[in-house]
Structure formats: structure tokens, C-alpha cells
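With the first letter of the sequence shown counted as 1, position 29 gets the number 425 in my numbering; the numbers rise by one all the way through. First the structure, in the form of C-alpha cells, and then the observations on it.
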Amino acid sequence: MKTTSSNDERHNTDLAHFLIHTGAKKVGNNRYVLENKHEIIHTSHEQAKEELIDYLCNHFEITDRTLLITNSDNG
397 MKTTSSNDER HNTDLAHFLI HTGAKKVGNN RYVLENKHEI IHTSHEQAKE ELIDYLCNHF
457 EITDRTLLIT NSDNG
């Protein structure tokens, strides 16, 4: 992401982005909407991971039979 600092220099800022949802619902011919969507975006990857774990633990009952599907853009 391109950002500008206080001295007007442009630089890149890395963002950690996590997206949690419980599925997708069809709302049109080729259109879907994510159900129970929640996003975590942070400039600190460590803080984003902490928020992710907190969110998962506080909103879902995760057991040894829970299936978590993950995906990455190789970032």
C-alpha cells in the first residue's frame, strides 16, 4: 500500500490482512456474499495475529473436530 509520511515522502507500508467468514451465500447468478465476515488489518503482523487468535477464540467453539480452511496470496 502506498502511504505518505509527515514530510510528504511516499513509501510502501506492509499490511497484515486476515479475513474470517463462515461461508458464502449465493445472491445472484454468479454472485456470492460472505457470511459473518470479519476483517483484521494491521501494520504489525504480530498484533494482527494476536487479534486473529482472540477473535477466533471468542467467537467460535474450536475443537479437535473443527475444520479451519486457510488461504494465502504467498505474502
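Don't be surprised by glycine CBs; every beta carbon is placed ideally from N, CA and C.
Asked	Found
Please look up how many angstroms separate the CB atoms of H417 and L430, rounded, as I've assumed it's under 8 Å.	4 Å
Pull up the DSSP beta-bridge partners for Y428, would you.	K422
Is E435 near H413, with beta carbons less than 9 Å apart?	yes
Taking only three categories from DSSP, how would you classify H407?	strand
Alpha carbon to alpha carbon, how far is L452 from H441? Give it in angstroms, no decimals.	16 Å
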